[in-house]
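Asker:
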Amino acid sequence: MRWLRSALVVLFFWTGSGIGADGGSAIRAEMAAQEQAWNNGDIPGFMRAYADDCTFVSKQVVHGKDALQRRYEKKYPSRQRMGTLSFSGIEVQALDAQVAIVTGQFHLARAASAGGAAHGTFSLVWQLQNGHWKIMLDHTA
0 MRWLRSALVV LFFWTGSGIG ADGGSAIRAE MAAQEQAWNN GDIPGFMRAY
50 ADDCTFVSKQ VVHGKDALQR RYEKKYPSRQ RMGTLSFSGI EVQALDAQVA
100 IVTGQFHLAR AASAGGAAHG TFSLVWQLQN GHWKIMLDHT A
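Residue numbers for the sequence shown follow numbering that gives the first Met the number 0, beginning at 0 and rising by one.
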């Protein structure tokens, strides 16, 4: 009987308040909103998915949403440099009802004069904060 109670508790948390059994559709929706914001030239909109105390790891480590936004604005100063962003191969793995790891690929289509196409992989740690999924850690290569 103890195992049944434990299973019911896990099921409640799995479906009731966090990532749920839907395969992370809320996170996927956040990522779709990021694509849309980026493709509209809206870096602040793209940044809405990041937690204030996030960490970004690539060729350098950046701490904090404000510092990361400044990095994006410096690296992508125009709509042409931003290009068109798309994500693919997104996989969402729940660690618990409040934390998930997301892996996938990014693709940035843009003219050669604006830096050319770019692509790579990412892993993200998302956390549910005040009812909203936020990126805590972004490792992009």
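All C-beta atoms in this analysis are idealised placements derived from N, C-alpha and C, irrespective of residue type, glycine included.
Counting beta carbon pairs with one atom in the region 23 to 31 and one in the region 89 to 99, are three or more of them shorter than 8 Å?
Answerer: yes
Asker: For the alpha helix (DSSP H) holding Lys133, just list the boundary residues, first then last.
Answerer: Residue 133 sits at position 134 when you count from the first residue of the sequence shown. No alpha helix (DSSP H) contains Lys133, which is instead part of the beta strand (DSSP E) from His131 to Thr139.
Asker: Express the C-alpha separation of Arg109 and Leu142 in angstroms, rounding to a whole number.
Answerer: Past the boundaries of the shown model lies residue 142; the chain is included only from 0 to 140, so the question cannot be answered.
Asker: With burial defined as no fewer than 16 other Cβ atoms inside 10 Å of the residue's Cβ, what is the status of Gln59: buried or exposed?
Answerer: Numbered from 1 along the sequence shown, position 60 holds the residue referred to as residue 59. When all chains shown are included, Gln59 counts as exposed.
Asker: For Gly44, which option in Lys73, Glu29 and Cys53 has the closest C-alpha, if you only look at C-alpha atoms?
Answerer: As a first step, residue 44 is located in the sequence shown; it is residue number 45 there, counting from the start. Nearest option by C-alpha distance: Glu29.
Asker: Just to check my reading of the structure: His118 and Gln97 have Cβ atoms closer than 8 Å, yes? What is that Cβ distance to the nearest angstrom?
Answerer: Here the question's residue 118 lines up with position 119 in the sequence shown. Here the question's residue 97 lines up with position 98 in the sequence shown. At roughly 31 Å, the Cβ-Cβ gap does not stay under 8 Å, so His118 and Gln97 are not in contact.
Asker: Around the C-beta of Asp52, are 16 or more other C-beta atoms found within 10 angstroms, so that it is buried, or is it exposed?
Answerer: Sequence index remark: in the sequence shown, residue 52 carries index 53 (1-based). When all chains shown are included, Asp52 counts as exposed.
Asker: Please work out which residues of its chain come closer than 8 Å, Cβ to Cβ, to Tyr71, disregarding the five sequence neighbours upstream and downstream, and give them in chain order.
Answerer: Within the sequence shown, the letter at position 72 stands for residue 71. Answer for Tyr71: Ile42, Phe45 and Met46, listed in chain order.
Asker: Taking the alpha-carbon positions, what's the Phe12 to His131 distance?
Answerer: Residue numbering aside, residue 12 sits at position 13 when the sequence shown is read from its first letter. Residue numbering aside, residue 131 sits at position 132 when the sequence shown is read from its first letter. Note that Phe12 scores 41 on pLDDT, short of 50, meaning its location in the model is unreliable; the coordinates nonetheless yield the value given after this. Rounded to whole angstroms, Phe12 to His131 spans 16 Å at the Cα level.
Asker: Please report how far the alpha carbon of Asn129 lies from the alpha carbon of Ala113, in whole angstroms.
Answerer: To locate residue 129, count along the sequence shown from 1; it is residue 130. To locate residue 113, count along the sequence shown from 1; it is residue 114. Near 39 Å, if we compare the C-alpha coordinates of Ala113 and Asn129.
Asker: Could you check the C-alpha separation between Ile89 and Val101 for me, to the nearest Å?
Answerer: Here residue 89 refers to the residue found at position 90 of the sequence shown. Here residue 101 refers to the residue found at position 102 of the sequence shown. Whole-angstrom Cα-Cα distance: 7 Å.
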